[in-house]
Structures are given as structure tokens and as C-alpha cells.
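These notes concern the structure reproduced below.
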Amino acid sequence: MEKPHLFQNRAFLLVWMSGLTVMLGFSMFFLSVLWFIVDVLEQPAVLGIVLMAVSIPRVAMMIYGGVLADKIRKSFIMFTTNFLQVLVMAAMIVLFVNDWLQISSLIVIALVFGFLDAFFFPAVSSMIPIIVRDEELQRANSLFQGSTELMFIIGPLIAGFLLTIGDFTLTFSAAGLFILVSAVLVFPPFIKDPEPDKRPEGSTAVTDLKEGLAYVWNSSLHRSGTFTIVIINLFMIGPLIVSFPILVSALGGTPFELSLLEGGLAAGTFLASVALIAWNVRNRRGRLVLYALLASFILFFVFSQVETMPFLVLLTAFSGFAAMFVYLPTVTMVQEKTDKAKLGRVMSIITLAASGFEPVAFGLISLLVAAQLPIQTILSVTAVTGLLLGVLLVWKSPDFRKMD
Numbered sequence: 055m056e057k058p059h060l061f062q063n064r065a066f067l068l069v070w071m072s073g074l075t076v077m078l079g080f081s082m083f084f085l086s087v088l089w090f091i092v093d094v095l096e097q098p099a100v101l102g103i104v105l106m107a108v109s110i111p112r113v114a115m116m117i118y119g120g121v122l123a124d125k126i127r128k129s130f131i132m133f134t135t136n137f138l139q140v141l142v143m144a145a146m147i148v149l150f151v152n153d154w155l156q157i158s159s160l161i162v163i164a165l166v167f168g169f170l171d172a173f174f175f176p177a178v179s180s181m182i183p184i185i186v187r188d189e190e191l192q193r194a195n196s197l198f199q200g201s202t203e204l205m206f207i208i209g210p211l212i213a214g215f216l217l218t219i220g221d222f223t224l225t226f227s228a229a230g231l232f233i234l235v236s237a238v239l240v241f242p243p244f245i246k247d248p249e250p251d252k253r254p255e256g257s258t259a260v261t262d263l264k265e266g267l268a269y270v271w272n273s274s275l276h277r278s279g280t281f282t283i284v285i286i287n288l289f290m291i292g293p294l295i296v297s298f299p300i301l302v303s304a305l306g307g308t309p310f311e312l313s314l315l316e317g318g319l320a321a322g323t324f325l326a327s328v329a330l331i332a333w334n335v336r337n338r339r340g341r342l343v344l345y346a347l348l349a350s351f352i353l354f355f356v357f358s359q360v361e362t363m364p365f366l367v368l369l370t371a372f373s374g375f376a377a378m379f380v381y382l383p384t385v386t387m388v389q390e391k392t393d394k395a396k397l398g399r400v401m402s403i404i405t406l407a408a409s410g411f412e413p414v415a416f417g418l419i420s421l422l423v424a425a426q427l428p429i430q431t432i433l434s435v436t437a438v439t440g441l442l443l444g445v446l447l448v449w450k451s452p453d454f455r456k457m458d
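Residues 55 to 458, numbered by our numbering, are exactly what the sequence shown covers, in order.
Shown next, in the form of C-alpha cells:
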């Protein structure tokens, strides 16, 4: 049966709206919890612990989330994880109303949210190639990624407004409601995505995982694409994000200027997604990705040399724009060239490459700053290292460079 065009594709529209509402709910939850820790509990020193509680189980379980996505109907995984997150939000509201919400319970809640995210994202990223046409996959990915990035700007604004007119019960409830809507939108009878093929008897999670890793390693496209995403996240995106507060503080800036840097990065990535929706690039995508990779690090190096805030904001936006021209076409090429029975595992590896190395960069940059190295020097070194690795990747990946 031929798949309908993108904006007539009911399954894609439901998955897209589900992604928007869950990201909106999660970003509201995230800001509310951070502000609760700082303003109510007055323990800002534990912010890092809560952030780690979200990221560690997400990274640790991401690969197994991909294994599960190849075994179980993807809409069922998305529906179940969202519904369980709604129950967690309800429990948090009960704890707050009864003055029982403390750091220990927040850490447990963060751990559960991170654990559930590890199953949601491999499912949704491997769902899109199944429900949309191949020639519309680039546009679908760009639309999904760009609009969900936008939710990370809108969500905190809504949460901040709700906190000014109400208390945390209101923001937690609103976040839970958005996540509940997300669960309803991906109710399996609505999506009607196919059941995955049955795995061979005797197949275990370990053998499935080994099969997925071998599949990625033995394909020059998958291998080069994974390395590309690792390099851009470990040597540019991670250092860029963690440098913002340090850089603003070193330059004697204000919280408003910090928000401008963060907004510049979000605006750059969003505009790149819009550009890729309008320009549904199909030819010479491998070359485009590698040139964008080199351009990203050149812009990042210039960023490390500048000390004027308006130029820093502008360079941040350009860097985010170039980075999305690395990420989105790479993901689309990988999805197009992957056996549908292995999509969940492959996309979990790609997602891990995209998000799992940012915490590593956070830790490394923090250690170097603690060693009294100037932040501009650290950023210069990471930019040059990333650029050299990018040049090496261009040289060692002729097949990827020629990929359409």
C-alpha cells in the first residue's frame, strides 16, 4: 500500500504532534524542577546531581531501548513510556501538595524520567522511516527535529508564566497534561504501525545488541555517520553548551546575556531545520555533511577568539545552523540505508552518539576549568581538535563523501 504524502499522512501527523507535546511537557517539567530546587529547597549545589540522574539512565539504557524497538510495536513503546511518565508526574504533584517533595524524591523521579526517555526516543526515530515515504524522510526529520527544538524555547516560557500566576502544582499539572496528550496521540490503534518481524528463536537482548553493533561497524555509511555525530557533539556542541555560563561570567556578563547565547544556539538549529524542510536535499548529501562539519569547527574556533557579546551570539547561531546540516542529513541517510528490522538498534546507537557524548564533554571542560585554564583556550583546543578529526574523517571516508 502506497504511503500518503507527508501532510496527508495521519500516522506521521499524530507522531509529530506527540513529539511536540511530550517535548513541551518535558521542558516545562525540567525548568520547574530546577527552579523548585533553587527557590524552594534552596540547594543549588545539587542541580548537577539531578541533571546526572536524568542523563545517566538515559544513556545507559538507550541501546537496549533500540533492541526493544525492533521487537515490539513502536507506538506501544511510545504510548507506554508517556503514560508511565504521567503517573510519575501525578506522584510528584501528590508529594508537593503534602510537602514531601525533597531532593531524594526528585532524584528518584529524575532517574525514572531518564530511564523512560531511553525507550521513547529510539522508538520514535525508528518509527518515522516506517510511516513516511523515502523521498520525504529528510523533510519529515527536519520538521520533527526543528519543531521539537522550538518546544525547548516555548516550554520554559510557559512554565515561567504559570509560576508567576500560580504555584508548582499548576506547572507540574500542565506538564503532566501535555505528556498525557502525547500518550493519547500515539495510542497504537490510532497509529496502526506494523508489528516488527518475529526474532529467531533463542535470540536474546545481548545477541540482538551485538548484531546491531556489527551492522553499524561493517557499513561504511553507518560507521562514518556515527563518527561524524560523535565528533560534532563531543568537540563542539557539548563544549559550546557548558561554556556559556563560564564564558558570560568570565566576560562580566549578565543572566540576560546568558539567555541570549542559549537562544542563539536554539535559533540557529531551528532555522537550519526550516531550511532543510524547504530544501529537501537529495544529492551529494555526504559531501554536504562533511563540509558542514568542517565549517562548524571553523565557526567554533572563531567563537573561541571573540570577546564581544553580540558577535558571540551571532557565531553561536551560525555554529548551531552548521551543526544541524551535519546531524539531520546524516540521520536521514542512515535511516534510508538501514534494514527495517534493525532500525531500532541502529537509531539507538545514533541517538547515543548524539546525546551520550555531551555529558563527557561537560565533565572534561569542567575539569579543565577547575585546573584554572582560561575558557577561551579550552574552546580553541577543542575546536582545533574537532577540525583535525573532521579532516581525517573526510580523508578516510570516500564512500560517505560520495553518498547521495
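Here a beta-carbon is modelled for each residue, glycine too, at the ideal position from N, C-alpha and C.
A Cβ-Cβ distance of about 6 Å is found for the pair Ala377 and Met290, placing them in contact under the 8 Å criterion. Boundaries of the alpha helix (DSSP H) around Phe226: Phe222 to Leu239. Following the DSSP letters along the chain, one finds Phe80 inside the alpha helix (DSSP H) bounded by residues Arg64 to Trp89. Distance from Phe133 to Val240 at the Cβ level is roughly 5 Å; contact confirmed, criterion being Cβ atoms closer than 8 Å.
Taking every protein chain shown into account, the CB of Ser297 has 16 or more other CB atoms within 10 angstroms, so this residue is buried. The continuous alpha helix (DSSP H) containing His276 extends over residues Ser274 to Ile286. Rounded to whole angstroms, the gap between the alpha carbons of Gly444 and Ser434 is 15 Å. Counting the other CB atoms within 10 Å of its CB gives Thr384 a total of 16 or more, which places it among the buried residues. Close CB contacts of Thr386 within its chain, under the 8 Å cut and outside five residues either way in sequence, are with Leu191, Gln192, Asn195 and Arg339 (chain order). Setting aside the 5 residues that flank it on each side, Ala371 is surrounded in the same chain by Gly318, Ala321 and Gly322, each with a C-beta closer than 6 Å to its C-beta; the list follows chain order. DSSP places Thr323 within a helical segment (H, G or I) once states are collapsed to three.
When Cβ pairs closer than 8 Å are counted between the two stretches, the region 396–413 is seen not to touch the region 346–357, the count staying below three. When the beta-carbon positions are compared, Val388 and Leu275 come within less than 9 Å of each other.
Of the candidates Leu197, Ala228, Arg341 and Ala213, Ala228 places its Cα closest to the Cα of Ile147.
The Cβ-Cβ distance between Ile182 and Pro248 does not fall below 9 Å. Judged by pairs of C-beta atoms under 8 Å, the region 150–164 does not touch the region 199–207, as fewer than three such pairs exist. In the three-state reduction of the DSSP assignment, Leu155 falls in the coil class. Closest by C-alpha distance to Ile419, out of Val238, Pro364 and Ile295, is Ile295. The beta carbons of Thr202 and Leu105 sit no closer together than 9 Å.
When Phe232, Leu216 and Arg187 are compared, the shortest CA-CA separation from Asn63 is found for Arg187. A distance of 9 Å or more separates the beta carbons of Phe226 and Ser81. Closest by C-alpha distance to Ala237, out of Thr392, Gly279 and Leu141, is Leu141.
For Asn337, the three-state secondary structure derived from DSSP is coil. Annotation for Gln139: Leu170 and Ile233 place their beta carbon closer than 6 Å to its own, counting only its chain and skipping 5 residues before and after.
Judged by their CB atoms, Ala65 and Lys246 are nearer to each other than the 9 Å cut-off.
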